[in-house]
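Enquirer:
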Amino acid sequence: MNKFAKLAMGLLLSVAMIAGCGSSSIQKDNGEETAEEKNLITIGFSQLGAESDWRSANTVSMQSAFVPEEGYNLIYKNGQQKQVNQITAIRTFIQQEVDYIVLAPVTESGWDSVLGEARDAGIPVILVDRRVDVPDKNLYSCWVGSDFELEGRKMAAWIQKYTETIGMKADELHIVNIQGTIGSTAQIGRTRGLANAARENGWDLMAEVTGDFTETKGREVMSGLLKRFDNINVVYCENDNEAIGAIDAIEAAGKKAGPNIKNGEIMVVSFDGVNKEALDYAKEGKISCIAECNPLHGPRVKALVEMLVEGMKPDKFNYVDEKLFSSIDDVTEVEIDGVVYPVQDIGE
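Numbered according to mature numbering (1 follows the signal peptide of the UniProt record, and there is no 0), the sequence shown spans residues -19 to -1, 1 to 329.
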């Protein structure tokens, strides 16, 4: 098993262990009762939801990093993909006088007031994964996550290089984009990466429709797109769960997901690289390329908290390293702005 597969399997096992316990939320509701007597640093973590395998792995990583054995008490709140729930959670954290707030925002806008309340209370806020669009950048201490537009640009570069390698002309590409949750940083960056490349290369970007990062919506959206268009040959899914749903719809329509688009297959590409089924599909060629989105933010966020505890000022923006993966050996690397990014073989 290669390095990437081992990492993914480790993530999946971690998620399964947390889910299997059925009590992963113990810290969530009663942690604040014992933090003071144990002299623990209390972290209020507002996660946007559990809409994907990536999100579950991200939550597990945070829960594993902030444990009592390391001197922390984590109060975890699931926002269920609703900003109002996250705002309520942050205000609860403020009332509980937590030491630090970690926020994975469901969308970029609408945070000015509640982040201002946290600042007035003297509670530093660390953003993870997605960003917030606020005029005053001092409303949060720092951010850690992925360069989503770079992810999109790398994927678009892979599509360009692969299709040129097999002799496809630019105007022969008929692409649909199953987007993530509209307004999220991941959606904005990945959508922009494709849209700019389509315009620059002369690709036919036929539709952009949100799949909300879920398998069910991905299936529903793809089914509708196949009824609208009879010449789709590339499906750009903004996460793995959407890709799995899209492949279900493609096969239900009697078509085949695969890289041989010159002979009628529909090429599916996706982002994340956490879902086991998606990894298996990538090995089989049903998903032609996956742009990694690293969910393991817990250790990095913990390091940032430790810097703040010591009175140090961390970098405002902290990016995680990520790769491209494919079982197709036609493309071994892509280049963006003079930087070469290798494409790692996801096969056995």
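A virtual CB, placed ideally from N, CA and C, is assigned to each residue, including glycine. Predicted model only: the values in this text are computed from it and were never measured.
Less than 8 Å between the CB atoms is what I'm expecting for histidine 278 and asparagine 59, so what's the real figure, rounded?
Expert: What you label residue 278 is simply residue 297 of the sequence shown in a count that begins at 1. What you label residue 59 is simply residue 78 of the sequence shown in a count that begins at 1. So it is not a contact: roughly 16 Å between Cβ atoms.
Enquirer: Quick check: the Cα distance between isoleucine 317 and aspartate 211, rounded to an integer number of angstroms?
Expert: In the sequence shown, counting from the first residue as 1, residue 317 sits at position 336. In the sequence shown, counting from the first residue as 1, residue 211 sits at position 230. Each residue's alpha carbon lies about 32 Å from the other.
Enquirer: Between Lys243, Val216, Asn241, Asn244, which has its C-alpha nearest isoleucine 231's C-alpha?
Expert: The count along the sequence shown starts at 1 and reaches residue 231 at position 250. Out of Lys243, Val216, Asn241, Asn244, Val216 has the C-alpha closest to the C-alpha of isoleucine 231.
Enquirer: Look up residue 331 in the DSSP assignment and give the residues it is bridged to.
Expert: Examination of residue 331 is not possible in this model, given that the chain is present from -19 through 329 alone.
Enquirer: If we ignore side chains and look at the alpha-carbon of each, how far apart do alanine 179 and valine 65 end up?
Expert: The residue you call residue 179 lines up with position 198 of the sequence shown. The residue you call residue 65 lines up with position 84 of the sequence shown. Near 35 Å, if we compare the C-alpha coordinates of valine 65 and alanine 179.
Enquirer: Whose C-beta lies closer than 6 Å to the C-beta of glutamate 273 among residues of the same chain, with five residues either side of it excluded?
Expert: Mapped onto the sequence shown, residue 273 falls at position 292. Result list for glutamate 273: Gly254, Glu303, Lys304, in chain order.
Enquirer: How close, in whole Å, do the beta carbons of asparagine 214 and isoleucine 247 come, if the pair is a contact with beta carbons under 8 Å?
Expert: One-based indexing of the sequence shown puts residue 214 at position 233. One-based indexing of the sequence shown puts residue 247 at position 266. Right, their Cβ atoms sit about 6 Å apart.
Enquirer: Does the distance from the C-beta atom of isoleucine 22 to that of valine 83 stay below 8 Å?
Expert: Locating residue 22 in the sequence shown gives position 41, where the first residue counts as 1. Locating residue 83 in the sequence shown gives position 102, where the first residue counts as 1. Their beta carbons are not under 8 Å apart, which means isoleucine 22 does not touch valine 83 by this criterion.
Enquirer: Would you kindly report the start and end of the unbroken beta strand (DSSP E) that includes threonine 23?
Expert: The sequence position of residue 23 within the sequence shown is 42, counting from 1. Unbroken beta strand (DSSP E) run through threonine 23: 22 to 28.
Enquirer: Within the chosen definition, does the segment 70 to 78 reach the segment 141 to 156 through at least 3 CB pairs nearer than 8 Å?
Expert: Result no; under three Cβ-Cβ pairs closer than 8 Å.
Enquirer: Comparing alpha-carbon positions, which option in Asn20, Lys236, Ser251 lies nearest asparagine 244?
Expert: In the sequence shown, the residue the question calls residue 244 occupies position 263. Ranking Asn20, Lys236, Ser251 by Cα distance to asparagine 244 puts Lys236 first.
Enquirer: Give the DSSP bridge partners of tryptophan 124, in chain order.
Expert: In the sequence shown, the residue the question calls residue 124 occupies position 143. DSSP output for tryptophan 124 lists Leu108, Phe298 as bridge partner(s).
Enquirer: What span of residues does the beta strand (DSSP E) with alanine 188 cover, start to end?
Expert: The residue you call residue 188 lines up with position 207 of the sequence shown. Element bounds for alanine 188: 185 to 191.
Enquirer: Kindly list the residues whose CB is nearer than 6 Å to the CB of aspartate 193, restricted to its own chain and excluding five residues on each side of it in sequence; keep chain order.
Expert: By one-based count along the sequence shown, residue 193 stands at place 212. Once the five neighbours on either side are set aside, the close Cβ partners of aspartate 193 are Thr162.
Enquirer: Apart from the five residues on each side of it in sequence, which residues of its chain come closer than 6 Å, Cβ to Cβ, to valine 321?
Expert: Counting from 1 along the sequence shown, the entry for residue 321 is found at position 340. Once the five neighbours on either side are set aside, the close Cβ partners of valine 321 are Glu314.
Enquirer: So for valine 290, helix, strand or coil by DSSP?
Expert: Taking the first residue of the sequence shown as position 1, residue 290 is located at position 309. Valine 290: helix per DSSP, three-state reduction.
Enquirer: Along the chain, which unbroken stretches of the beta strand (DSSP E) at least 3 residues long are found entirely within the segment 52 to 99?
Expert: 53 to 59, 81 to 84
Enquirer: Less than 8 Å between the beta carbons of arginine 111 and alanine 167, yes or no?
Expert: As a working mapping, residue 111 is identified with position 130 in the sequence shown. As a working mapping, residue 167 is identified with position 186 in the sequence shown. The Cβ-Cβ distance between arginine 111 and alanine 167 falls below 8 Å.
Enquirer: Note the first and the last residue of the continuous alpha helix (DSSP H) segment covering isoleucine 140.
Expert: Position 159 of the sequence shown holds residue 140. Taken as a continuous stretch (DSSP letters only), the alpha helix (DSSP H) holding isoleucine 140 covers 129 to 146.
Enquirer: Residue range of the alpha helix (DSSP H) that aspartate 34 falls in?
Expert: Position 53 of the sequence shown, counted from the first residue, corresponds to residue 34. 34 to 46 is the extent of the alpha helix (DSSP H) around aspartate 34.
Enquirer: From aspartate 93 to isoleucine 68, what distance separates their C-alpha atoms?
Expert: Your numbering for residue 93 matches position 112 in the sequence shown. Your numbering for residue 68 matches position 87 in the sequence shown. Their Cα atoms are separated by approximately 11 Å.
Enquirer: Thinking C-beta only, is leucine 29 closer than 8 Å to proline 105?
Expert: In the sequence shown, residue 105 corresponds to position 124, counting from 1. In the sequence shown, residue 29 corresponds to position 48, counting from 1. Contact: no.
Enquirer: What are the boundary residues of the beta strand (DSSP E) that includes aspartate 326?
Expert: Here residue 326 refers to the residue found at position 345 of the sequence shown. From DSSP, the beta strand (DSSP E) with aspartate 326 extends over 320 to 326.
Enquirer: Can you grab the Cα-Cα spacing for the pair glycine 205 / glycine 199, in whole Å?
Expert: Numbered from 1 along the sequence shown, position 224 holds the residue referred to as residue 205. Numbered from 1 along the sequence shown, position 218 holds the residue referred to as residue 199. Straight-line Cα distance between these residues: approximately 10 Å.
Enquirer: What distance in whole Å lies between the Cβ atoms of threonine 146 and valine 312, which are believed to be in contact at a cut-off of 8 Å?
Expert: The residue given as residue 312 occupies position 331 in the sequence shown. The residue given as residue 146 occupies position 165 in the sequence shown. With 8 Å as the limit, valine 312 and threonine 146 qualify as a contact, their Cβ atoms being about 7 Å apart.
Enquirer: Excluding the five sequence neighbours on either side, which residues of its own chain have a C-beta within less than 6 Å of the C-beta of alanine 238, listed in chain order?
Expert: If you number the sequence shown from 1, residue 238 lands on position 257. Hits under 6 Å: Ile228, Ile231, Ile247, Val249, Lys267.
Enquirer: For alanine 178, does the three-state DSSP call read helix, strand or coil?
Expert: The residue labelled residue 178 in the question sits at position 197 within the sequence shown. Reduced to three states, the DSSP call for alanine 178 is helix.
Enquirer: CA-CA distance, asparagine 241 and glutamine 141?
Expert: Sequence index remark: in the sequence shown, residue 241 carries index 260 (1-based). Sequence index remark: in the sequence shown, residue 141 carries index 160 (1-based). It is roughly 14 Å from the alpha-carbon of asparagine 241 to the alpha-carbon of glutamine 141.
Enquirer: DSSP three-state label for leucine 277, please.
Expert: Sequence index remark: in the sequence shown, residue 277 carries index 296 (1-based). Residue state, collapsed to three classes: coil.
Enquirer: Can you list, in chain order, the residues of its chain with a C-beta nearer than 6 Å to that of threonine 191? Leave out the 5 residues immediately preceding and following it.
Expert: Within the sequence shown, residue 191 is the residue found at index 210, counting from 1. Excluding residues within five positions, the ones whose Cβ falls inside 6 Å are Gln160, Ile163.
Enquirer: Could you compute how far the alpha carbon of proline 323 sits from the alpha carbon of aspartate 101?
Expert: Position 342 of the sequence shown, counted from the start, is the residue given in the question as residue 323. Position 120 of the sequence shown, counted from the start, is the residue given in the question as residue 101. Cα-Cα distance, rounded: 46 Å.
Enquirer: Three-state secondary structure (DSSP) at valine 157?
Expert: Numbered from its first residue, the sequence shown carries residue 157 at position 176. Looking at valine 157 - three-state DSSP - the assignment turns out to be strand.
Enquirer: Roughly how many angstroms lie between the CA atoms of glycine 133 and methionine 43, to the nearest whole one?
Expert: As a position in the sequence shown, residue 133 is number 152, starting the count at 1. As a position in the sequence shown, residue 43 is number 62, starting the count at 1. Rounded to whole angstroms, glycine 133 to methionine 43 spans 25 Å at the Cα level.
Enquirer: Serine 37 and asparagine 222: beta carbons closer than 8 Å?
Expert: For this step, residue 37 is matched to residue 56 along the sequence shown. For this step, residue 222 is matched to residue 241 along the sequence shown. For the pair serine 37 and asparagine 222, the CB atoms are not nearer than the 8 Å cut-off.
Enquirer: Alpha carbon to alpha carbon, how far is tyrosine 77 from proline 49?
Expert: In the sequence shown, counting from the first residue as 1, residue 77 sits at position 96. In the sequence shown, counting from the first residue as 1, residue 49 sits at position 68. Here the sequence assigns glutamine to residue 77, which means tyrosine is not the residue at that position. One C-alpha to the other measures close to 18 Å.
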